[in-house]
Amino acid sequence: DAKTTQPPSMDCAEGRAANLPCNHSTISGNEYVYWYRQIHSQGPQYIIHGLKNNETNEMASLIITEDRKSSTLILPHATLRDTAVYYCIVRPEGGSQGNLIFGKGTKLSVKP
Amino acid sequence: DTGVSQNPRHKITKRGQNVTFRCDPISEHNRLYWYRQTLGQGPEFLTYFQNEAQLEKSRLLSDRFSAERPKGSFSTLEIQRTEQGDSAMYLCASSLDRGRIYFGPGTRLTVL
């Protein structure tokens with residue numbers, strides 16, 4: 001089962017920041033937080049991942065709380081093409097397990 | 001980097017028929033994953049390979065399903081005696097060891 005909890009849906013105005021929350025209260029010390037998104041009828045696309053520190057790349061920023069029990073994905077200037085389902089996933093590093101366990105994600109609708 | 005490719009993109013079959021899907025991972029990736037996704041749900045893990053060895057299989061992978069990766073490059077997923085409940089998007093993904101996982105566009109199966 002997925003170890004994360006996300007709101008089922010969110011709306012965001014075009015050009016504004018989209019802040020997508022994720023709870024992962026049972027996260028272990030060696031587990032990373034990954035974010036993927038899935039645009040309709042396409043495969044999931046990697047966005048960003050982090051362990052403890054905040055991370056930023058060309059797509060988004062990831063803010064992880066100090067206790068690591070929750071995180072927020074920030075799309076700084078959302079566009080209509082950011083409309084998608086966003087998945088927050090915790091993934092252990094090390095050991096043999098390598099796959100991703102998806103929940104239902106958050107359906108983000110960016111509106112003009 | 002040509003990405004993960006999957007063929008066919010769409011398959012319509014009659015109940016009871018066998019179907020086979022192909023996945024070509026990113027060329028240097030040694031891990032290959034299969035997922036299944038039904039409408040409104042996140043992708044569910046089916047199985048993964050490290051090179052040619054199938055290392056993990058989900059309980060979702062019934063006896064009618066078989067996956068192979070004979071030379072550690074491309075992989076095939078076969079479903080025998082298809083049932084209407086097999087209708088789903090079948091996603092393939094690959095990674096280099098435990099690195100970032102990249103997904104293909106998926107094969108949409110419809111069983112009539």
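Quick mapping for you: the protein sequence lines, in order, are chains S and A. Numbering of the first sequence is given in our numbering, commencing with residue 1 and proceeding in unit increments. Numbering of the second sequence is given in our numbering, commencing with residue 1 and proceeding in unit increments. Idealized CB from N, CA, C, for every residue including glycine. Treat the numbers as computed from the prediction; the structure is a model and nothing was measured.
Pairing residue 61 of chain A with residue 47 of chain A gives a Cβ-Cβ distance under 7 Å.
Scanning its chain for C-beta atoms nearer than 8 Å, with the 5 sequence neighbours on each side dropped, one finds around residue 109 of chain S the residues 9, 10, 11, 12, 83, in chain order.
Rounded to whole angstroms, the separation of the alpha carbons of residue 109 of chain A and residue 11 of chain A is 5 Å. Residues of chain A with a Cβ closer than 7 Å to the Cβ of residue 7 of chain S do not exist; the shortest Cβ-Cβ separation is about 14 Å. A direct Cα-Cα distance of roughly 5 Å separates residue 41 of chain A from residue 104 of chain S.
Using a Cβ distance threshold of 7 Å, residue 37 of chain A and residue 93 of chain A do not count as a contacting pair. Under the DSSP assignment, residue 45 of chain A falls in the beta strand (DSSP E) whose first and last residues are 44-50. Comparing alpha-carbon positions, the option among S:106, S:107, S:93 lying closest to residue 31 of chain S turns out to be S:93.
Taking residue 84 of chain A as reference, the option from A:28, A:66, A:111, A:51 with the minimal CA-CA separation is A:111. For the beta strand (DSSP E) assignment, the uninterrupted runs of no fewer than 3 residues enclosed by the region 37-85 of chain S are, from N- to C-terminal side, 45-50, 61-64, 70-75. Residue 77 of chain A places its beta carbon less than 7 Å from that of residue 21 of chain A. For residue 80 of chain A, no beta strand (DSSP E) encloses it, and the DSSP letter there is neither H nor E.
Only residues of its own chain outside the window of five on either side were considered, and among them 47 have a CB closer than 6 Å to the CB of residue 57 of chain A, listed in chain order.
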